[in-house]
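K.L.:
Protein chains in written order, with full-length UniProt numbering: chain A, 1 to 118; chain B, 1 to 118.
Think of the CB as a built atom: it goes at the ideal place given N, C-alpha and C, for glycine as much as any other residue.
Bear in mind that the values here come from a model prediction, so they are computed numbers and not experimental data.
I have a structure here, written as structure tokens, and I will follow up with some questions on it.
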DNA sequence: CCGGATCCGCTTAGATACTG
DNA sequence: CAGTATCTAAGCGGATCCGG
């Protein structure tokens with residue numbers, strides 16, 4: 001580390017990961033970017049997340065003020081999760097990750113094609 | 001999930017996290033964004049990462065073509081890690097995370113101030 | 001039935017000590 | 001200096017169960 005400024009910069013990244021680290025936080029937020037979702041919709045979107053992990057992640061995200069949980073006393077219960085205004089500030093981050101993910105996917109596919117070509 | 005397109009989008013995020021998920025990958029890449037670094041410099045930058053976790057993360061990042069490892073037969077050995085061209089494509093992602101991290105830090109500090117004000 | 005909580009086992013991450 | 005070995009702690013997933 002060279003100086004105090006650089007320390008703060010990397011500390012910002014580390015801090016961000018205290019909140020949005022873990023395997024599922026980003027995908028959850030990404031899913032909620034599109035629209036508010038119910039518990040089961042999230043579970044489907046996230047393609048096989050366990051209920052335990054989903055519940056934990058949602059609780060932490062709510063504690064940190066990134067998402068909002070609304071429960072309606074219907075029968076059966078309806079619970080909706082949505083991004084808070086603060087959570088929406090993560091959108092640019094999400095979009096850049098997703099863009100990189102698409103590029104990466106393309107790269108992998110190209111590599112496989114080249115291998116089979118010989 | 002509503003349609004196939006949305007599935008691909010979220011899948012891109014999931015895929016990205018296969019590569020750059022985990023607690024330390026982003027901070028490592030962030031640190032290497034600035035300049036190439038030696039093993040111990042990274043350990044210092046990352047403020048307390050264990051050697052094991054650092055070694056593991058570096059190995060995975062190298063396997064995925066994001067970073068490059070150069071060893072020089074000096075005594076003692078010198079090893080330098082740097083971003084590959086492909087790894088550098090993550091810079092925009094890093095910058096947006098870091099920006100959010102700074103915002104978040106400011107928010108937390110403000111909240112603490114307001115609490116102590118009463 | 002929906003939204004979780006709980007129990008269990010496996011995999012990943014971390015602390016510390018030690019080595020080429 | 002740049003890691004590995006070992007042990008322990010935390011996180012994740014699967015199945016099952018419970019309250020409304």
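On the premise that residue 13(B) lies in contact with residue 27(A), defined as a C-beta separation below 8 Å, what is that separation, rounded to the nearest angstrom?
P.N.:
As a position in the first chain, residue 27(A) is number 27, starting the count at 1. As a position in the second chain, residue 13(B) is number 13, starting the count at 1. Indeed they touch by this definition, with Cβ atoms about 5 Å apart.
K.L.:
Quick check on residue 22(A): buried or exposed, where buried means 16 or more other Cβ atoms within 10 Å of its Cβ?
P.N.:
In the first chain, the residue the question calls residue 22(A) occupies position 22. Label assigned to residue 22(A): buried.
K.L.:
Do residue 81(A) and residue 36(A) count as a contact pair if the criterion is CB distance below 8 Å?
P.N.:
Counting from one through the first chain, the residue named residue 36(A) turns up at place 36. Counting from one through the first chain, the residue named residue 81(A) turns up at place 81. Closer than 8 Å, so yes.
K.L.:
What's the gap between the Cα of residue 18(A) and the Cα of residue 117(A)?
P.N.:
Taking the first residue of the first chain as position 1, residue 18(A) is located at position 18. Taking the first residue of the first chain as position 1, residue 117(A) is located at position 117. Near 44 Å, if we compare the C-alpha coordinates of residue 117(A) and residue 18(A).
K.L.:
Checking the sheet assignment: what are the DSSP bridge partners for residue 71(A)?
P.N.:
On the first chain, position 71 is the one that residue 71(A) refers to. Paired residues: 79(A).
K.L.:
Can we say the segment 56-69 of chain A touches the segment 97-114 of chain A, given the rule of at least three CB pairs closer than 8 Å?
P.N.:
Because the criterion of three Cβ pairs below 8 Å is not met, the segment 56-69 of chain A and the segment 97-114 of chain A do not touch.
K.L.:
Counting only the same chain and skipping the five closest in sequence on each side, list residues whose C-beta sits under 6 Å from that of residue 125(A).
P.N.:
Given that chain A is displayed from residue 1 to residue 118, the structure contains no residue 125(A) and the question cannot be resolved.
K.L.:
I need the DSSP call for residue 25(B), collapsed to helix, strand or coil.
P.N.:
Against the second chain, residue 25(B) aligns to sequence position 25. Residue 25(B): helix per DSSP, three-state reduction.
K.L.:
Determine the burial state of residue 110(A): buried for a count of at least 16 other Cβ atoms within 10 Å of its Cβ, exposed for fewer.
P.N.:
For this step, residue 110(A) is matched to residue 110 along the first chain. The residue in question, residue 110(A), is exposed, as its Cβ has fewer than 16 Cβ neighbours within 10 Å.
K.L.:
Using a Cβ-Cβ cut-off of less than 9 Å, give me the residues of the segment 74-105 of chain A that come near chain B, in sequence order.
P.N.:
So the close ones are 86, 89, 90, 92, 93, 94, 95, 96, 97, 98, 99, 100, 101, 102, 103, 104 and 105.
K.L.:
Smallest Cα separation from residue 83(B): which of 77(B), 76(B) and 91(B)?
P.N.:
Along the second chain, read from residue 1 onward, the residue named residue 83(B) stands at position 83. Of the listed residues, the one whose Cα sits closest to residue 83(B) is 91(B).
K.L.:
If you reduce the DSSP assignment to three classes, tell me which class residue 36(B) lands in.
P.N.:
Indexing the second chain from 1 puts residue 36(B) at position 36. Reduced to three states, the DSSP call for residue 36(B) is coil.
K.L.:
Under 8 Å between C-beta atoms, does residue 39(B) make it to chain A?
P.N.:
On the second chain, position 39 is the one that residue 39(B) refers to. Not closer than 8 Å to any Cβ of chain A, the Cβ of residue 39(B) fails to qualify, so no.
K.L.:
May I have the straight-line CA-CA distance separating residue 100(A) from residue 104(B), to the nearest angstrom?
P.N.:
Looking up residue 100(A) in the first chain gives position 100. Looking up residue 104(B) in the second chain gives position 104. So the alpha carbons of these two residues sit roughly 23 Å apart.
K.L.:
Is residue 64(B) helix, strand or coil by DSSP?
P.N.:
Position 64 of the second chain, counted from the first residue, corresponds to residue 64(B). Coil, per DSSP.
K.L.:
In or out: residue 87(A) buried (at least 16 other Cβ within 10 Å) or exposed?
P.N.:
Start at 1 with the first residue of the first chain, and residue 87(A) comes out as number 87. Buried, by the Cβ-count rule.
K.L.:
Kindly indicate the opening and closing residues of the alpha helix (DSSP H) around residue 95(B).
P.N.:
Taking the first residue of the second chain as position 1, residue 95(B) is located at position 95. Residues 91-117.
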